[in-house]
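Participant:
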Amino acid sequence: MRSYEIQLLKGGIWEVDSYFDDRDSAMSDADQLAADLRVQGVRVLEEKYDKESNIATCDVIYTRKRNESAPGDRRKGTQQTALDRLLPLTRHGARRDVK
Amino acid sequence: MERRLVLRLRTHWRAICGERDYSSFAEVDPAAMPNMWGSCFALEVIGHEEDPFFRAAGDEIVTYVPSPLIGTPVSAWTPDTLIGVAVSHARDVLRKGVPMSHGDEFMKIDGTRVLYLSILLPMSDDGETISGLLGAANCRAVLGD
Numbered sequence: 005m006r007s008y009e010i011q012l013l014k015g016g017i018w019e020v021d022s023y024f025d026d027r028d029s030a031m032s033d034a035d036q037l038a039a040d041l042r043v044q045g046v047r048v049l050e051e052k053y054d055k056e057s058n059i060a061t062c063d064v065i066y067t068r069k070r071n072e073s074a075p076g077d078r079r080k081g082t083q084q085t086a087l088d089r090l091l092p093l094t095r096h097g098a099r100r101d102v103k
Numbered sequence: 482m483e484r485r486l487v488l489r490l491r492t493h494w495r496a497i498c499g500e501r502d503y504s505s506f507a508e509v510d511p512a513a514m515p516n517m518w519g520s521c522f523a524l525e526v527i528g529h530e531e532d533p534f535f536r537a538a539g540d541e542i543v544t545y546v547p548s549p550l551i552g553t554p555v556s557a558w559t560p561d562t563l564i565g566v567a568v569s570h571a572r573d574v575l576r577k578g579v580p581m582s583h584g585d586e587f588m589k590i591d592g593t594r595v596l597y598l599s600i601l602l603p604m605s606d607d608g609e610t611i612s613g614l615l616g617a618a619n620c621r622a623v624l625g626d
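Chains D and S supply the protein sequences, listed in that same order.
Numbering-wise, my numbering comes out as the position in the first sequence, counting from 1, plus 4.
Numbering-wise, my numbering comes out as the position in the second sequence, counting from 1, plus 481.
1) Name the two residues that bound the continuous beta strand (DSSP E) containing residue 542 of chain S.
2) Find out if the Cβ-Cβ distance for the pair residue 506 of chain S, residue 588 of chain S is shorter than 8 angstroms.
3) When you compare the CB positions of residue 53 of chain D and residue 31 of chain D, do they come within less than 8 angstroms of one another, or not?
4) From S:575, S:530, S:577, S:545, pick the residue whose C-alpha is nearest to that of residue 554 of chain S; which is it?
5) Start and end of the beta strand (DSSP E) containing residue 17 of chain D?
6) Among S:527, S:590, S:580, S:513, whose alpha-carbon lies nearest the alpha-carbon of residue 599 of chain S?
7) Kindly say whether residue 486 of chain S, judged by its beta-carbon, lies nearer than 8 angstroms to any beta-carbon of chain D.
8) Under 8 angstroms by Cβ, that's how I've got residue 520 of chain S and residue 542 of chain S pegged, so tell me the actual separation to the nearest angstrom.
9) What residues of chain D sit near residue 579 of chain S, judged by a beta carbon separation below 7 angstroms?
10) For the stretch 536–604 of chain S, list the beta strand (DSSP E) runs that are entirely contained and at least 3 residues long, ordered along the chain.
11) If I follow the unbroken beta strand (DSSP E) through residue 29 of chain D, where does it start and stop?
12) From residue 523 of chain S to residue 596 of chain S, what distance separates their C-alpha atoms?
13) Closer than 9 angstroms between beta carbons: that is the criterion. Which residues of the stretch 24–37 of chain D meet it against chain S?
14) Tell me which residues of the stretch 41–61 of chain D have at least one Cβ-Cβ distance to chain S shorter than 8 angstroms, keeping chain order.
15) Between D:26, D:22, D:27, which lies nearest to residue 503 of chain S when the distance is taken from Cα to Cα?
16) Would you mind working out which of S:608, S:601, S:607 sits nearest residue 533 of chain S, comparing C-alpha positions?
17) Tell me, please, whether the CB atom of residue 490 of chain S is closer than 8 angstroms to any CB atom in chain D?
18) Exposed or buried, what is residue 615 of chain S when buried is set at 16 or more other beta-carbons lying within 10 Å of its beta-carbon?
19) Please confirm if residue 493 of chain S has its CB atom under 8 angstroms from at least one CB of chain D.
20) Since residue 584 of chain S meets chain D, which of its residues come closer than 9 angstroms, beta carbon to beta carbon?
21) Excluding the 5 residues flanking residue 565 of chain S on each side, which residues of the same chain have their C-beta closer than 7 angstroms to its C-beta?
22) Quick test of your reading: residue 14 of chain D and residue 36 of chain D, contact by CB under 8 angstroms. State the CB separation rounded to the nearest angstrom.
Laid out in structure tokens, this is it:
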């Protein structure tokens with residue numbers, strides 16, 4: 005079993021950004037992140053887990069680093085009951101078999 | 482099955498986030514994502530951390546469920562349905578606080594094998610506490626062996 009962990013470099017520390025269990029999706033997403041000028045660095049870790057031996061191995065399969073620091077401070081939203089905005093758009097449908 | 486749905490939604494979510502860890506449902510405009518919203522759903526988490534429930538869903542995703550989706554908890558959906566497998570990692574996303582995408586196959590109750598891709602994205606109203614999950618999934622049946 006394999007899974008892919010995308011990490012972003014923030015303040016010199018690699019932080020988990022997201023998980024994929026599909027390599028192509030993970031690599032595509034990493035490429036998009038690497039193209040973002042605000043991102044300091046991106047790397048993808050591939051974890052291989054062997055159920056029988058119960059051993060997991062991890063390899064870095066992709067790394068992109070930028071020299072400059074990523075700008076910007078965190079902002080905080082204050083919205084409440086934001087889900088309510090979506091509620092009127094909900095519609096129920098009849099079952100449709102997968103084709 | 483379109484792999485790009487997962488990546489497009491992830492990209493859209495990231496664009497809304499900007500420098501923040503999470504975006505808010507207040508910033509999600511279904512009209513601005515016409516090629517994605519149909520396959521999306523929203524889960525409410527606050528007060529239901531152990532078993533989030535469906536608060537909204539697009540037109541496409543609801544066609545894959547046999548009964549009304551809105552208002553039901555994720556535990557109501559078994560892993561022989563698209564929506565069941567799509568939310569099966571909800572607790573992992575809440576625990577780790579980052580987007581998670583999964584792709585695999587499941588067996589429908591009628592024996593049909595189905596390949597699916599899904600993603601769950603953490604949302605927050607205050608920018609810190611995860612208050613909901615935005616998800617999307619699509620699938621296709623596997624014909625033959």
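Every residue gets a Cβ at the ideal spot worked out from N, C-alpha and C, and that includes glycine.
Values in this document were obtained by computation on a predicted structure and should not be read as measured data.
Facilitator: With the given structure in hand:
1) Premise fails: residue 542 of chain S is in no beta strand (DSSP E) and is neither H nor E.
2) no
3) no
4) S:530
5) 17–24
6) S:580
7) no
8) 5 angstroms
9) 20, 21, 22, 23
10) 581–588, 594–604
11) Note, residue 29 of chain D: premise wrong, no beta strand (DSSP E); alpha helix (DSSP H) at 27–39.
12) 22 angstroms
13) 24, 25, 26, 28, 29, 30, 32, 33, 36, 37
14) 42
15) D:22
16) S:601
17) no
18) buried
19) no
20) 24, 25, 26, 29
21) 558, 559
22) So it is not a contact: roughly 17 angstroms between Cβ atoms.
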